[in-house]
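In the working numbering, the protein residues as written are 1 to 917.
We put the CB at the ideal spot given by N, CA and C, even for glycine.
In what follows, a structure is listed as structure tokens, so that the remarks can point back to it.
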């Protein structure tokens, strides 16, 4: 039962100092457990006392289940724990341990240390004007300062090593507990053992401690800091209630614990599943397990969505109670959640089964990297070196145990209730407010009323940073919200969005609205290339939204250039899908202002007819209401008159959002991106995807001809393309790895990962790596090729002519490259085969292959100089015919299918749905 109480004056409420920037006299909102920033009252320190109590230090072993509560372990109070779990309170400082994303297993350790160093008690005098300025429930009256620190340690999976590390950890714990000023000196062998720690993540109320990832350094810092009483940060706030008229809901202990248990029973296993699938499985995505892992990922996303919806209902009930009493039945902890629990258990069992198979593959002895490996060695074994994996773990009793049988997951349908998918492309120049538009748009679709959005936690998909003027003195504040990924949200002169991403919203009828957010387009049009590359993987586009500012004195040249290139790529008929969205229109009374006649003049000057621009496809928004909601989440307060203006902005933009969605759904016809149109730019992208399959088909055809002529007409080599599940690269600097397929030496594809501009697989520069769309494996068949020798030679001639046509088109028609990309790939191929000849003892087949490749290159260059004079060369229809003929070749078709599946999977990874747990 929720008891709405008015705490008596002087009655303290204790809260862990999650946000350590509070001072005596700071306002505190106990409903959301956050400091109301930029508001405080006059106060003075009444007393300051040093503490000499012993520190608290403990070590908790993984794995954890719903019965092990990390937040309780670090001393966070009931109400605050619930607000953190429901994402009502921002997880910062030591509470950010909730965001720990790696898998927690039997080799995980939580090392927690806490010490109070001093206490300050204040004398507070609240001023009446501040009472009206904020609706905070409490004031900070007393602060305990000290050290609050937790390290999440991942030990190596060798049990003997982990046991020795545990002994060192206990030794460190004992030293810290005795409160000696002298730091523990570790022996060399102990230091060496601690270097074997797989991973260390630290969280603290002191930012400098969060930057340390070495256990020895952590020990030294903790020993030094506990004596530096004036350098410690707030550890605990004691809160004094403000006034008798302010009420807030206080959960009974019984109901609070029931809600917490309900959340943890789902959150804990879902976090485990996410970590298993995202960090422990990627290196096994190239073999026989790839389909099962992909299906498990889709299943996990569905479970996560169900969990998000369940916690959202709880959060809404708590935040909108408005002083009413809540009964436990309102939280619906009953039978409808049985399905979610059952689905989690099924997925746990499937993950355990997959990991058992992974462990079986891992146990198969693999050769040294420096040795030549045979055709029986799979690429999945070679890619194991990419990521250090922990051994499979036993799941706790609350989860499913490893089954001896492989039971596939009952798959929920991936498609929604309605099969309709509305793809909307967003285009705009830097500074137009595209990222703010996406964030605001999500909130418009989520909340029907402004008060609902204000009472709940503002949803932010893209990190935002903006200036806002607040208070009677018009003080300018910088507001930052959201977690930065690849976004430059602190650079005011740069686009926030650095790469294309798709934000997926589920509409009421089950259909999906996909907003394709793109990097801002400037005069150099550099980002248009990336945008065209991105959308070519979609089957259709429903709408293209140009985001513009109202009341412009002149249009940015990007608008003309962008429209021209858009029509060149997609054809003039794409104009029927155009819509125009104007941002920041409150100042123009929600109209396009002076920008409208500028657009009409531009359209009249373009060589394209019937570009629609009317009130029907024009929409006016204002993101100030969203800025207000974000600022409120940051603890800023506003005058009631300001709030009414923001509410008007909200309601108008909300109506425009629904009008835009209805217009897209009912008035616009989907524009197919797979059939019915041709363009130079589209052909360019198609050819780029053909280059690697083309040259690999040439090389393998020559291999089979060589086998036929020299070794045996009853053997052949078959290409085995492998779908990839994440962006991978080949390093051009690392020594190639040679595998043996029969007596042929072949350089294997060794996938590399590049993260944050660094390769995680080698020390070579990122510019020495090239991206690839698929991996190639090889199989020696004890049967002849399906084609006769004469047919193989005819196929080589066709491939040569296709290469010539494509190379000319790219250089002289599309004008997208100064060099012959196909010839560059061919030369690289000859260099690879020459390398094999030098390194391999049995190389007679590769020696012959080098000769064949050199002769083929010479014929290619001779033919190129002769064919350029033909009139039909470079004709767009002819190019598309060549593209189609290449797809019909079986060896080409298999590689192109792998590219298509890889791109489909990678596109899914660029889709973002508004769900966090």
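Can you tell me whether residue i is buried or exposed, with buried defined as 16 or more other CB within 10 angstroms of its CB?
{"i": "residue 686", "result": "buried"}
{"i": "residue 510", "result": "exposed"}
{"i": "residue 21", "result": "exposed"}
{"i": "residue 415", "result": "Because the pLDDT of residue 415 is 36, which lies under 50, any placement of that residue in the model is unreliable, and the number read from its coordinates should be weighed accordingly. When all chains shown are included, residue 415 counts as exposed."}
{"i": "residue 534", "result": "buried"}
{"i": "residue 185", "result": "exposed"}
{"i": "residue 79", "result": "buried"}
{"i": "residue 395", "result": "Here the model assigns residue 395 a pLDDT of 29, short of 50, so the residue's position is not dependable and the matter cannot be decided."}
{"i": "residue 25", "result": "buried"}
{"i": "residue 921", "result": "A question about residue 921 goes unanswered here, because the residues of the chain that appear run from 1 up to 917."}
{"i": "residue 844", "result": "exposed"}
{"i": "residue 299", "result": "buried"}
{"i": "residue 125", "result": "exposed"}
{"i": "residue 432", "result": "buried"}
{"i": "residue 389", "result": "With a pLDDT of 29 at residue 389, under the threshold of 50, the predicted position of this residue should be treated as unreliable, and no value is reported."}
{"i": "residue 589", "result": "exposed"}
{"i": "residue 926", "result": "Residue numbering for the chain in the displayed model covers 1 to 917; residue 926 lies beyond these limits and cannot be assessed."}
Who does residue i pair with in a DSSP beta bridge?
{"i": "residue 729", "result": "752, 771"}
{"i": "residue 478", "result": "467"}
{"i": "residue 880", "result": "Per DSSP, none; premise fails for residue 880."}
{"i": "residue 844", "result": "The partner list for residue 844 (beta bridge, DSSP) is empty, contrary to what the question assumes."}
{"i": "residue 146", "result": "116, 233"}
{"i": "residue 506", "result": "512"}
{"i": "residue 850", "result": "Residue 850 is not bridged to any residue."}
{"i": "residue 671", "result": "541"}
{"i": "residue 758", "result": "755"}
{"i": "residue 204", "result": "149"}
{"i": "residue 339", "result": "Residue 339 is not bridged to any residue."}
{"i": "residue 581", "result": "547, 619"}
{"i": "residue 57", "result": "113"}
{"i": "residue 779", "result": "718"}
{"i": "residue 108", "result": "154"}
{"i": "residue 139", "result": "27, 240"}
{"i": "residue 87", "result": "Its beta-bridge partners do not exist; DSSP assigns none."}
{"i": "residue 50", "result": "118"}
Measuring CA to CA, which of the options is closest to residue i?
{"i": "residue 502", "options": "195, 541, 289", "result": "541"}
{"i": "residue 41", "options": "138, 735, 707, 114", "result": "138"}
{"i": "residue 537", "options": "682, 769, 165, 230", "result": "682"}
{"i": "residue 427", "options": "668, 309, 499, 797", "result": "499"}
{"i": "residue 779", "options": "843, 743, 579", "result": "743"}
{"i": "residue 755", "options": "745, 767, 746", "result": "767"}
{"i": "residue 277", "options": "642, 342, 348, 880", "result": "348"}
{"i": "residue 775", "options": "794, 799, 821, 725", "result": "725"}
{"i": "residue 607", "options": "563, 597, 576", "result": "563"}
Assuming residue i is part of the beta strand (DSSP E), what are its boundary residues?
{"i": "residue 31", "result": "Note, residue 31: premise wrong, no beta strand (DSSP E); not H, not E."}
{"i": "residue 721", "result": "716 to 722"}
{"i": "residue 427", "result": "421 to 427"}
{"i": "residue 711", "result": "From DSSP, residue 711 is part of no beta strand (DSSP E); its letter is neither H nor E."}
{"i": "residue 918", "result": "Since the first residue shown for the chain is 1 and the last is 917, residue 918 is missing from the structure and cannot be characterised."}
{"i": "residue 311", "result": "Run containing residue 311: none in the beta strand (DSSP E); it sits in the alpha helix (DSSP H), 290 to 319."}
{"i": "residue 14", "result": "12 to 16"}
{"i": "residue 226", "result": "Counting along the chain, residue 226 falls outside any beta strand (DSSP E), and DSSP gives it neither H nor E."}
What are the boundary residues of the alpha helix (DSSP H) that includes residue i?
{"i": "residue 801", "result": "789 to 808"}
{"i": "residue 275", "result": "253 to 279"}
{"i": "residue 161", "result": "159 to 178"}
{"i": "residue 192", "result": "188 to 194"}
{"i": "residue 622", "result": "It is not in any alpha helix (DSSP H) - residue 622 carries neither H nor E in the DSSP assignment."}
{"i": "residue 437", "result": "434 to 446"}
{"i": "residue 661", "result": "640 to 666"}
{"i": "residue 824", "result": "821 to 839"}
If contacts are defined as beta-carbon pairs under 8 Å, then residue i and residue j qualify, I think. What distance do you get, rounded to the angstrom?
{"i": "residue 354", "j": "residue 292", "result": "6 Å"}
{"i": "residue 81", "j": "residue 260", "result": "6 Å"}
{"i": "residue 850", "j": "residue 830", "result": "6 Å"}
{"i": "residue 233", "j": "residue 145", "result": "7 Å"}
{"i": "residue 738", "j": "residue 827", "result": "Incorrect: roughly 20 Å between the Cβ atoms, too far for contact."}
{"i": "residue 469", "j": "residue 459", "result": "Incorrect: roughly 24 Å between the Cβ atoms, too far for contact."}
Would you check whether the ligand FMN has a heavy atom nearer than 7 Å to the C-beta of residue i?
{"i": "residue 647", "result": "The ligand FMN is absent from the structure shown, which contains no ligand whatsoever."}
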